[in-house]
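Numbering (our numbering), first residue to last: 2 to 268.
Structure, as structure tokens:
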Amino acid sequence: MAVAPELWIDGRPAGVEDLGRQALFNYGALTSFRVEGGGVRGLDRHLGRLNRSAVELFGEAVAEDRLRDQMRTALAGRDEAWLRVSLFSNELSLRQPDWIGAPQVMISVSAPPSPLPHGVRLQSQAYAREAPHLKHVATMGLLRARRMARLAGFDDALFTDAEGRISEGSLWNVGFIEGETVVWPEARMLDGVAQALIREALERAGSPQRTEVVRLSDLPRFDGAFLCNSATPAAEIAAVDDHVFTGATDAVQQIGALWRSQPRQKI
2 MAVAPELWID
12 GRPAGVEDLG
22 RQALFNYGAL
32 TSFRVEGGGV
42 RGLDRHLGRL
52 NRSAVELFGE
62 AVAEDRLRDQ
72 MRTALAGRDE
82 AWLRVSLFSN
92 ELSLRQPDWI
102 GAPQVMISVS
112 APPSPLPHGV
122 RLQSQAYARE
132 APHLKHVATM
142 GLLRARRMAR
152 LAGFDDALFT
162 DAEGRISEGS
172 LWNVGFIEGE
182 TVVWPEARML
192 DGVAQALIRE
202 ALERAGSPQR
212 TEVVRLSDLP
222 RFDGAFLCNS
232 ATPAAEIAAV
242 DDHVFTGATD
252 AVQQIGALWR
262 SQPRQKI
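Okay, here's the thing in structure tokens:
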């Protein structure tokens, strides 16, 4: 049986009254990551993105010291965990959508999820998340897309936009392998932290990479593809629709190793 995560709001255990608002009102931003040995790869990027979202959605950032203090409180000395840090406001509502102020902070602490498996098969779907540059709490579209893919016999969904450009997956970014080069798709999407860390590591290693428009019709020219997020640094993609990749297992494993080479930052 799955164990319910611990929930904290503004540095204290969440009560029933605290959670009622979350059950009824779906507006906010979040980030999530694995804590390993008391540290987090790309923590500065997670917190920076979270505060940019806070300014856009609520008009005011949250002090980084406040975020770090609350994360340490929620962890209670644990060195291994999965944290989800969410921003919301009890003041902002359908009748008062113009409220401006620092949002409240909700932190979920749970066991780290298992990485997504290698060899995933994807169904392409024409879909774009609302405000795709934000990691926000409006997840119905993502879950519906993933559900449709699973019911159709695939593992997950790969999104294409209105212009036919490949953008991102349901819960992850995507990259393609062409020879020794990593090709990132150019489209509106979430700038994932795992993707950013891999970009940095590739640049530091002097490995070739580029960003360009990628369409489904371009897939045959790639040797392989991979997905990446904070739970799954790099998982090989076996197929998209009826196109089967010839394989780039070694390259994907190297990408995973580059991600793991990034230092863990203390909370």
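Note that CB positions come from ideal geometry on N, CA and C, so glycine has one too.
In the DSSP assignment, Gln255 falls within the alpha helix (DSSP H) that extends over Thr250 to Arg261. Put simply, the backbone Cα of Glu201 is about 33 Å away from that of Arg148. In the DSSP assignment, Met149 falls outside any beta strand (DSSP E) and lies within the alpha helix (DSSP H) extending over Met141 to Leu152. Excluding sequence positions up to five before and after His119, its CB lies within less than 6 Å of the CB of Ala236 and Glu237, all in the same chain and listed in chain order. Residue pairing for Phe227: DSSP places it in a beta bridge opposite Gly176 and Glu237. The beta carbons of Gly29 and Ser87 sit about 6 Å from each other, so the pair counts as a contact at 8 Å. Asp157: member of the beta strand (DSSP E) spanning Asp157 to Thr161, first to last residue.
Inclusion of Gly43 and Val194 in the CB contact set at 7 Å is warranted, their separation being smaller than that value. Residue pairing of Ala129 in beta bridges, as defined by DSSP: absent, with no partner found. As the crow flies, the alpha-carbon of Asp224 is around 17 Å from that of Val214.
The residue among Pro234, Asn91 and Arg222 with its C-alpha nearest the C-alpha of Gly257 is Pro234. Secondary structure at Leu135: coil, using DSSP grouped into helix, strand and coil. The straight-line gap separating the alpha-carbon atoms of Val241 and Arg151 is approximately 13 Å. In the DSSP assignment, Glu57 falls within the unbroken alpha helix (DSSP H) covering Leu44 to Phe59.
According to DSSP, Trp83 shares a beta bridge with Arg35 and Ser111. With fewer than 16 other Cβ atoms from the protein chains shown falling within 10 Å of its own Cβ, Trp100 counts as exposed.
In the DSSP assignment, the residues bridged to Ala30 are Leu88 and His137. Our two residues, Glu81 and Ala112, have alpha carbons roughly 8 Å apart in a direct line.
Taking each of Leu68, Thr140 and Thr161 in turn and checking the Cα distance to Lys267, the smallest one comes out for Leu68. Within its own chain, the residues whose Cβ lies closer than 7 Å to the Cβ of Pro209, once the five positions on either side in sequence are excluded, are Glu181 and Thr182, listed in chain order.
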